[in-house]
Amino acid sequence: MYLTYNFAVLVVIFGYTHSLDVECSSYTVLNSSSRAQGVPRGNITKCDDTLIPEWYRFMGDAGTAMPTSCTRKNYCGTDASGWMQGSHPTQTEGIVTRRVCYHWNSNCCNWNNNIRVRNCGGFYVYELVRPPNCHLRYCGNGTGARIQGGGSSGRLQVLHNGEWGTVCDDIWSMTNTHVVCRQLGFAGALSYHNSGGVTGQIWLDDVRCSGNESAIQQCRHNGWGRHDCSHHEDVFVTCYRDVSATAVAPTTASLTAVAPATASATAVAPTTAPPTAVAPTTASETAVAPTTAPVTAVAPTTASAGVANTTTTAALSGLTQCNSHPCRNEGSCHGDQYHYYCNCYHGFTGKQCETRFYGNITFIMDLYQTSNYSTPYSPSAYPVVVYPNQSLWVQYEVKSTTFDLVVFAENCCANNSTNPDSFPQHVFLERGCIVDSTMVYFHNPYSKVQRFSIRSFRFAYSNSHLVYLHCELLVCHQNSTNSRSRCAVGCTKPRSRRDSSDLESSMPYNLSVGPLKAVMAESNNVNKGGKTSFHVNTILISVLVTAGVFSVITLLLLIIIYRNCRRDKKVEPASCQNEQENGEKDESRN
């Protein structure tokens with residue numbers, strides 16, 4: 001009885017420990033581009049009839065979650081595409097049951113089955129089972145279209161056969177642009193134009209949308225890959241997030257899309273330069289996990305915050321007025337034979353306007369879940385799991401109540417430490433120049449918000465699976481001229497780098513985002529399922545551990561029986577079983 005009691009307790013404790021949040025750390029990744037709800041079926045019809053029932057997570061080109069509204073049939077790489085009825089659970093709700101419907105004929109729920117869903121704080125996991133028929137398939141919310149580099153403005157790209165390509169501007173229209181912007185989750189379109197500068201596939205030409213389509217892939221066109229265009233005819237689009245959006249064209253910059261809280265929708269014709277997206281300033285969590293407060297940097301100064309012009313008086317014997325030109329950095333001098341004062345140029349302070357002044361500044365650096373830059377990862381979502389060759393979308397910005405500032409990334413790297421100077425490290429931005437071929441970065445020298453994306457496959461090192469991204473940020477005054485501002489000069493090659501004293505900027509500040517958990521397990525492609533697995537098989541581990549526990553207990557039982565037999569020498573070995581049975585009978589009588 002004593003041994004039986006301990007065994008029961010051991011099994012209960014083991015089972016309870018194993019079940020704690022295992023689905024949020026051990027799951028199979030579904031990242032195939034064909035699973036995206038916005039991607040047509042293609043020539044090969046896939047089915048989830050061989051899918052292994054376990055926990056899954058949508059990532060990459062497939063999307064970040066299951067769609068919660070009726071998907072189109074003959075999309076998502078299959079005939080009847082699967083979508084989830086009801087909303088996703090909150091983190092406090094734990095695991096919930098939801099119904100998945102499959103669209104066929106005119107019925108959005110022609111077939112259905114139940115799944116379980118959990119909110120893991122920043123992403124969702126799904127316990128999927130095999131669908132009730134074939135060809136049925138679970139879909140992700142990927143759209144099959146994107147704006148290169150993310151944001152609300154840039155080169156339009158569409159996904160076909162697992163490869164991203166551009167769209168030609170022949171007979172392109174604002175109707176087409178509205179369809180694309182709505183497909184990407186925006187409220188509508190502001191403008192479009194063409195530009196070049198890239199290589200690669202051109203997928204669509206002569207696109208004609210009626211305006212009722214939910215995706216550009218539904219519009220008429222010449223056929224995938226059929227065109228008579230070159231990349232200087234690539235379509236660039238500018239979308240807006242809110243109904244109250246305004247397009248503003250700076251005097252010296254290309255078209256910038258912003259979304260202020262109050263203003264009617266206005267469209268301004270694009271300039272000849274490509275547009276640059278400036279995200280609307282909204283409340284954002286700081287992405288330096290696990291901290292929750294933004295990084296605040298106060299520039300050293302002797303003046304009070306908020307002062308743009310500084311007046312300083314000093315005695316100079318033997319000088320008349322300002323003959324010695326004591327005011328620096330374009331400050332204007334005023335005085336008499338005995339005194340002078342300097343009216344400092346915007347952003348400078350000090351006795352002779354010698355000190356650059358930026359006031360109180362706050363930097364925020366976030367890692368976002370999708371290329372739309374709409375939802376950053378929350379601090380509780382770290383470490384964020386990334387798989388090889390996954391796109392990472394990063395946004396950094398500066399906030400100031402004193403001056404109009406712009407932000408610039410001087411250097412960026414990835415390493416396995418919270419210390420940006422730790423080695424080994426992978427440098428992907430140096431002196432403002434891209435040094436990683438997978439990085440997509442369009443620096444806007446007039447914006448306080450900057451964005452870039454980069455692939456994750458180069459970040460994994462053999463000695464660790466935790467990765468941090470670090471950027472060395474500085475700020476400049478927005479009204480500085482190109483010859484004065486480090487932010488405006490941008491990329492500086494080693495041989496052409498100017499003396500830093502000639503360029504206006506703040507001191508550098510280091511910001512980090514992470515950790516990221518690089519999944520290094522070998523991928524396993526499943527026929528027809530189109531999935532990729534990157535998690536350790538916890539079921540196998542559980543079986544092995546359980547078998548080990550049973551083996552130990554069995555060995556203990558054998559030892560005890562053997563010792564009982566040896567203790568009573570009057571009993572022959574052959575009668576041990578009889579003695580044990582008699583003992584059990586005596587115990588039952590007691």
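Each step along the sequence shown adds one to the number in UniProt numbering, with nothing skipped, and position 28 is 28.
For each residue, glycine too, the CB sits at the ideal point set by N, CA and C.
Across the structure, residue 388 and residue 368 are spaced so that their CA atoms are roughly 17 angstroms apart.
In this structure, residue 392 keeps its C-beta atom at 8 angstroms or more from the C-beta atom of residue 412. CA-CA distance, residue 75 to residue 450, rounds to 34 angstroms. Bounds of the alpha helix (DSSP H) holding residue 174 are 174-183. Counted as a single uninterrupted DSSP element, the alpha helix (DSSP H) harbouring residue 24 occupies residues 22-25. Ranked by Cα distance from residue 188, the options 241, 554, 95 and 77 are led by 241. Looking from the CA of residue 511, the closest CA among 397, 440, 166 and 326 belongs to 397. Spanning the alpha carbons of residue 104 and residue 80 requires a straight line of approximately 5 angstroms. Within the segment 57-93, the runs of beta strand (DSSP E) at least 3 residues long that lie entirely inside it are, in chain order, 80-84. Distance between residue 414 and residue 552, taken at the CA atoms: about 46 angstroms. Here the C-alpha atom of residue 113 lies approximately 12 angstroms from the C-alpha atom of residue 137. Annotation: the continuous beta strand (DSSP E) that includes residue 167 extends over 163-167. Around the beta-carbon of residue 390, 16 or more other beta-carbon atoms lie within 10 Å, marking it buried.
Contact between the segment 418-438 and the segment 355-365 is absent: fewer than three C-beta pairs spanning the two stretches fall below 8 angstroms. With a contact defined as Cβ atoms closer than 8 angstroms, residue 147 and residue 237 qualify at about 7 angstroms. In this structure, the straight-line span from the alpha carbon of residue 427 to that of residue 111 is close to 50 angstroms. The residue among 99, 401 and 233 with its C-alpha nearest the C-alpha of residue 157 is 233.
Spatial neighbours of residue 25 in its own chain (CB-CB distance under 7 angstroms, excluding positions within 5 residues in sequence) are not present. Closest in C-alpha terms to residue 513, from the list 352, 379 and 559, comes 379.
The beta carbons of residue 383 and residue 517 sit about 4 angstroms from each other, so the pair counts as a contact at 8 angstroms. Counted as a single uninterrupted DSSP element, the alpha helix (DSSP H) harbouring residue 489 occupies residues 486-489. Residue 415: member of the beta strand (DSSP E) spanning 405-415, first to last residue.
Residue state for residue 219 is assigned as coil, using DSSP reduced to three classes. Taking one beta carbon from each stretch, the segment 162-180 and the segment 209-219 have 3 or more pairs nearer than 8 angstroms; the two touch.
By the C-beta criterion, the segment 120-136 is judged to be in contact with the segment 35-54, since at least 3 inter-stretch pairs fall below 8 angstroms. Its chain contains 70 and 101 as the residues whose beta carbon lies nearer than 7 angstroms to that of residue 108, once the 5 sequence neighbours on both sides are disregarded; these appear in chain order.
Taking the CA atoms as reference points, residue 349 sits about 18 angstroms from residue 335. Taking C-beta atoms under 8 angstroms as the contact rule, residue 166 and residue 202 qualify, at a distance of about 5 angstroms. When the beta-carbon positions are compared, residue 77 and residue 38 stay at least 8 angstroms from each other.
If you ignore the 5 residues before and after residue 332, its C-beta comes within less than 6 angstroms of the C-beta of 343, all in its own chain and listed in chain order.
The beta carbon of residue 491 lies closer than 6 angstroms to those of 432 and 433 in the same chain, with the five residues before and after it left out.
A straight line joining the alpha-carbon of residue 439 with that of residue 394 spans about 11 angstroms. Its Cα nearest to that of residue 409, the residue 447 stands out among 558, 403, 418 and 447. Considering only 235, 231 and 205, the residue with the shortest C-alpha distance to residue 224 is 205. In this structure, residue 503 lies near residue 486, with their beta-carbon atoms less than 8 angstroms apart. Closest in alpha carbon position to residue 150, among 228, 175 and 443, is 443.
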